[in-house]
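Top to bottom, those sequences are chains A and B.
Everything in the first sequence is counted per the working numbering, starting at 6 for the first residue and increasing by one.
Everything in the second sequence is counted per the working numbering, starting at 48 for the first residue and increasing by one.
C-beta atoms are modelled at their ideal positions from N, C-alpha and C, and glycine is treated no differently.
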Amino acid sequence: MRIVLMAMLSLLAQMAWALDVVATTASMGVLAREVGGEGVRVRVLAPPDRDPHMLQAKPSMMRALRDADLVVAVGAELEMGWLPAAIRGAANPRLLPGRLGYFEAAAQVPLMESGQAADRALGDVHPAGNPHVNMDPARMAVIAQALGERMARLQPDQAAGFRARAARFAEALTERLPGWKAQAKGAPGAVLYHKDGDYLMALLGLPVLGYVEPVPGVPPSASHLNALTGKLKGQGGVILYHAYQPAQGPARLAQALGWPARVVPLEPDGGDLQAYVRLIDAWVSALAQART
Amino acid sequence: MFKRHMLAGAIACAFPLPALAAADADLAALRAEFDQKLAAIQAEYEARLKAMESRLAQAETQPQSSASRESGRDRLGAVSSGSGFNPQMSVILDGVYYTDNRRGAGMGFMEEIDGINHAHDHEGHSHGETERGFNLRATEVAFSATVDPWFDANLLLTVDSGGGVEVEEAYFDTRSLPAGWKIRGGKFLSGVGYLNNQHPHTWDFVDQNLAYRTLLGEHGIMDTGLQLTWTPRTGSVYTLLGVEALQSNEQVFGTAGEEVSADRADGGAVGAGNGGTLSREKAGPRLFTAFAKFAPDLGDNHALQIGVWGARARQHQEIHDHTDEDGLGACNPAVPASCVHALEGDSWLWGTDWVYKYDAPGAYGQGDIKLSAEYIWERKDLTVAFHENPAVAVGTSRKLTQDGLYLAGVYGIAPNWQLGLRYDVTGLTNKVEGAAGTLSDYNDSDRWTLSLTHHFSEFSRLRLQASTADLWVEGAPEKVNQFFLQYQHSLGAHGAHAF
């Protein structure tokens, strides 16, 4: 009887002490779960099949943020169309940017294309830098360790566990890097729909041959696709796009160039390290298969 | 030689050699040893310098490695370009091409719709000065910033095409209150209803719906005061509760400080046989509101928000002076409109708002659906405070009641293309009741609106809108068909929009 009571009490204590974490995207959810382990409860706001640029603030997001101890965002203005409004509506001062409860992945690593002109003639640019750091396993390893530090600051009594799990996660990704690089070696590169795969391409040392979007956030025009075809005719490569990006542009380009056009995910399909590894695997194998 | 001996002495001191070394042979050996050691030190130093230089060069060419050295350091805050400026600033440009079937009089009819709020000579600011042809509508200029750890502040100005500047909103919000509490103070759009606190650039249609326009005014309830909101813990349901105490400046249902002029609108003197007077302006706040919004969690694709609200203005005064119309002549008890009179009392309003959104997986808003509906009911509970006609007793009751609603739907027909349909109506109930029964019963005015919006990007849009309205103006039916072509451009760092 006493044992049962003790077990229930310890379970209660654990539930009460678990950090309530809200992650903006599925990949941030993987980070939070892997680093937080038993010490966190994680809820993801953006479904993995939606464009995180285009979401709208919803009351259910505000509800989730209302009680959260920590929000884990990609950052660099990726979620600027909805996360600030959702945090405002949540009336939770712990999560305001600059406080311990607001964690931004992009703030933990150097960004590509940072310091570019904030010229919207170039489309929906992010002058702070390319925010799609979740597609870079090397940066994710660094971000995981920073998140471990953050959770340790929020929950000092579990600091050792957070740090150890963060280190394990970082190590697991770092170990796989040489394999991914070797698999992709010699591949001709790819045309991407949006600048969301740039970090992975740079990590693998492969060229981005072009973008289906003429400028970020604007659907492709016929003249842009023709120009792209003219530039790439005769080369090899693959066109990669996400299911939420319209398929017509990639299909037209694929036909004109004789390249394969492949749908690849941009977010993991599950909540753990394996799901994230599958995501990178899918990209690497799609890129490697373009090799002739 | 002396110098050399000095050097030898110095070296002798520096190196633990026997002090006997005075002989020349010993000295030569000593010198050789010294030179050798010096060379060795120099070489070591140079090697160190080179290593340091190469490390520096490496660090410069490899920012990534320098970052990974810092791994484990956790940085607070957000990466943002907008915060490079403090405050953040944004501008919304808005222009329309307009035409109608009434030679440009359509906008005028919209202002004069029969109802309980139009029939007094309250001097409000006018927004309906849209001409046939090209119009620059009010330009919104917004500033926002975090003041300090405790407050955020916002300022929203509108600049009309003539250069007139109006402060639409200027308020602070608390940042750090615990337990879901927030206080807003200053001039702001009230939190009642769904559309009330939205600015024209977030509307799905060019113009304000008839229910808001006739019952709350073109802007909705925009006033100066304090707002207290609370977001309680309510399981999976989002709940927002709020109360406001507002000054009630120039609300169509809450005006104070009116005075009956000694002159009638037609230029004549107010009849000497009159009775009564309007009471003094009460101290503010004179307008109180309460609202509640509930939103169940319907998963990733669906969102629903239901709201109810109520408002009470504890003082309202209005003067009716139609004597400049159609040569009515001096006050004639048989023709009520020929007599100047004033009413005062208080006002009650309530409303309910329903919003449903479907977020489709399609890109650029394709397949997205948004349905919204609001109902507003308004009662002005007044008594006659002044009348030019002595036969009408001061203190006689006047109950003015009007309601209205709109139903709107927007659908993403293609990437970046939206089709909108709206039905709005005002005056389903639309009457003035006296002690003995109904004094006036106005007809209802309604309208159908179709809009097609193309978003070039997140920051610019072009909208085509056509509407057909059956209005009642001065007791006569008026058919008004309107056509708009609108552009809206958003410049600068613009904040995220609420639900």
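DSSP state of residue 413 of chain B, grouped into three classes? Annotated three-state conformation of residue 413 of chain B is coil, per DSSP.
Could you compute how far the alpha carbon of residue 196 of chain B sits from the alpha carbon of residue 153 of chain A? 26 Å
From the DSSP secondary-structure annotation, give me the bridge partner or partners of residue 338 of chain B. B/289 and B/356
With a threshold of 9 Å between beta-carbons, can residue 268 of chain A be considered close to chain B, or not? Interface residue (Cβ-Cβ distance to chain B less than 9 Å): residue 268 of chain A is not classified as such.
By how many angstroms is the C-alpha of residue 189 of chain B removed from the C-alpha of residue 218 of chain B? 12 Å
For residue 234 of chain A, the first and last residue of its enclosing alpha helix (DSSP H): 227-237
Could you check where the beta strand (DSSP E) with residue 524 of chain B kicks off and where it finishes? Note, residue 524 of chain B: beta strand (DSSP E), 523-539.
Tell me the start and end of each unbroken beta strand (DSSP E) in the stretch 257-282 of chain B that is at least 3 residues and wholly inside, in chain order. Counting only runs of 3 or more, we get 269-277.
Residue-chain proximity (residue 352 of chain B, chain A), Cβ-Cβ < 9 Å: yes
In whole angstroms, what is the alpha-carbon distance linking residue 417 of chain B and residue 45 of chain A? 35 Å
Looking at C-alpha atoms only, which residue of B/380, B/220, B/523 and B/185 is the closest neighbour of residue 214 of chain B? B/185
Whole-number beta carbon distance between residue 64 of chain A and residue 352 of chain B, since they are thought to touch under 8 Å: 6 Å
Under 7 Å (Cβ pairs) to chain B, residues found in the stretch 40-51 of chain A: none
Taking only beta-carbon atoms, is residue 240 of chain B less than 9 Å away from chain A? Interface criterion not met: the Cβ of residue 240 of chain B is under 9 Å from no Cβ in chain A.
Determine which residues of the stretch 222-235 of chain A have a Cβ less than 7 Å from any Cβ of chain B, and write them out in chain order. Going along the stretch 222-235 of chain A in chain order, one finds 222, 223 and 224 with a Cβ nearer than 7 Å to chain B.
Hey, residue 57 of chain A and residue 84 of chain A: beta-carbon distance below 9 Å or not? yes
Contact with chain B by residue 274 of chain A, beta-carbon distance below 9 Å: no
Kindly indicate which residue of A/92, A/96 and A/68 has the alpha-carbon position closest to the one of residue 78 of chain A. A/92
Is any heavy atom of the ligand SAH found at a distance shorter than 8 Å from the C-beta of residue 125 of chain B? The ligand SAH is absent from the structure shown, which contains no ligand whatsoever.
How far does the beta strand (DSSP E) with residue 142 of chain B in it reach, from first residue to last? 135-147
Under a three-way DSSP split, which group does residue 190 of chain B fall into? strand
Residue 507 of chain B: first and last residue of the uninterrupted beta strand (DSSP E) it sits in: 507-520
Would residue 342 of chain B and residue 285 of chain B be called neighbours here (beta carbons separated by less than 9 Å)? yes
Please classify residue 527 of chain B as buried or exposed, where buried requires at least 16 other C-beta atoms within 10 Å of its C-beta. Residue 527 of chain B comes out buried.
Tell me whether residue 436 of chain B sits in a helix, a strand or coil according to DSSP, three-state version. coil
Nearest-angstrom Cα distance between residue 195 of chain A and residue 266 of chain A? 10 Å
Listed by chain order, chain B residues near residue 250 of chain A by CB distance under 9 Å: 410
Distance CB(residue 240 of chain B)-CB(residue 421 of chain B) smaller than 9 Å: Less than 9 Å separates the beta-carbon of residue 240 of chain B from that of residue 421 of chain B.
Buried or exposed for residue 244 of chain A, going by 16 or more other Cβ atoms inside 10 Å? Flag for residue 244 of chain A reads buried.
Other residues of its chain near residue 312 of chain B: CB distance less than 6 Å, five sequence neighbours each side excluded: 368, 370 and 371
Please work out which residues of its chain come closer than 6 Å, Cβ to Cβ, to residue 284 of chain A, disregarding the five sequence neighbours upstream and downstream, and give them in chain order. 270 and 273
List, in chain order, every chain A residue whose beta-carbon is nearer than 7 Å to that of residue 463 of chain B. 224
With 9 Å as the threshold, decide whether the Cβ of residue 185 of chain A is near any Cβ in chain B. Under the 9 Å criterion on CB atoms, residue 185 of chain A is classed as non-interfacial with respect to chain B.
Does the separation of the CB atoms of residue 360 of chain B and residue 300 of chain B fall below 9 Å? Taking 9 Å as the Cβ cut-off, residue 360 of chain B and residue 300 of chain B qualify as a contacting pair.
Contact check, residue 53 of chain A vs residue 348 of chain B, beta carbons under 9 Å: no
Taking its Cβ as the centre, do 16 or more other Cβ atoms sit within 10 Å of residue 535 of chain B, making it buried, or is it exposed? buried
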